[in-house]
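Take a look at the structure below.
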Amino acid sequence: MEETISLKELLQSLRKRLVMIMGITLTAVIVSGVISFFFLTPIYQASTQILVNQKKSEQSMYNPSEVQTNLQLINTYNVIIKSPAILNEVAKELNLDITAQQLNEKIIIGSENQSQVVNISVQDENPETAAAIANTIAKVFENEIVEIMNVDNVSVLAEATVIEGQSPVKPLPILNIAIALVVGLLAGVGLAFLLEYFDNTLKNEQDIEKTLGLPILGSISVIEGSQMDTVKEQRGKRNSKARGEAIGS
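Going from the sequence shown to the working numbering is simple: count from 1 and add 1430.
Here is the structure:
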């Protein structure tokens, strides 16, 4: 027969193991805070924007088909920006002791929908290094794309700059702590329910009645040590009185 657990029983299970749940939650929060503030290295981000067009035309009129072609080439430009042909030159120019692949992992390339503007973001432990890499990528791309795709119309819309007191983009300690709080709470509640599920001990009359399927006729109360001494003392007095009456008769 399937056992059903009422909401009251669930709440009782949580209340019974409330200390354990709070302990797990608090531990998760403390560990997350310590790791976020003292062990994770802050990462800063710098971004630059470039506008890429096809080879300059002698006609200055707006050409919708040319704009559409440029939009279709944006994905190609994004791939070229992160290619070794560009990144090796960037590393060489900045004297970076890293490979093109390692530099690639620091770069995030994106573009707005239906836009010829390419956003180049670089993440690094040093905000000045991140800005220098972003600006150098834009510069090298502007020079190299002429030979790669015969494009000579690259404009830098916004250079990457370093802001005083700039906040890192990661880690985010408050967010990490909030996530740890939720995860710790869920883990504590889940463990409490799991322990309750595997706990087969009989704790009260209702458990016995539910397990055996028999009605409870009576129960034996637990006698504390002090009560036991009182019972023994009263029993001794009764025995003494009974012996006295027996002798007197």
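Just so it is clear, CB atoms sit at the ideal spot from N, CA and C, and this is done for glycine as well. Computed from a predicted model, the values in this text were never measured in an experiment.
Range of the contiguous alpha helix (DSSP H) that encloses I1563:
1557-1579
Short Cβ contact (7 Å threshold) for I1430 with S1551
Residue 1430 lies beyond the residue range present for the chain, which begins at 1431 and ends at 1679; the question has no answer from this structure.
Nearest to Q1475 by CA position, among V1459, A1458, V1599, is which residue?
V1599
Within 10 angstroms of the Cβ of A1622, are there 16 or more other Cβ atoms? Answer buried if so, exposed if not.
buried
For G1540, which residues of its own chain have a beta-carbon under 7 Å away from its beta-carbon, when the five flanking residues on both sides are left out?
N1549
My output table needs one value for I1528: the three-state DSSP class, helix, strand or coil.
coil
Under 7 Å between C-beta atoms of I1510 and V1586
no
Using beta-carbon positions only, say whether V1520 and I1575 come within less than 7 Å of one another.
no
Quick one: grab the DSSP three-state call for L1481.
strand
With hydrogens ignored, establish whether the beta-carbon of E1594 is closer than 6 Å to any heavy atom of the ligand FAD.
For the ligand FAD, the structure offers nothing, since it holds no ligand at all.
From the DSSP output, which residues share a beta bridge with I1550?
T1478, I1539
Applying the criterion that 16 or more other CB atoms from any shown protein chain within 10 Å of the CB defines a buried residue, is F1571 buried or exposed?
buried
Nearest candidate by alpha-carbon position, reference V1459, set G1620, E1626, G1595, G1614
G1614
Can you check which of these residues, L1501, I1473, I1528, is closest to Q1596 by C-alpha distance?
I1473
For my contact list, I1504 and A1617 are in at a C-beta cut-off of 8 Å; report their separation, rounded to the angstrom.
About 45 Å separates the two Cβ atoms, so there is no contact after all.
Sub-7 Å separation of I1607 and S1477 beta-carbons
no
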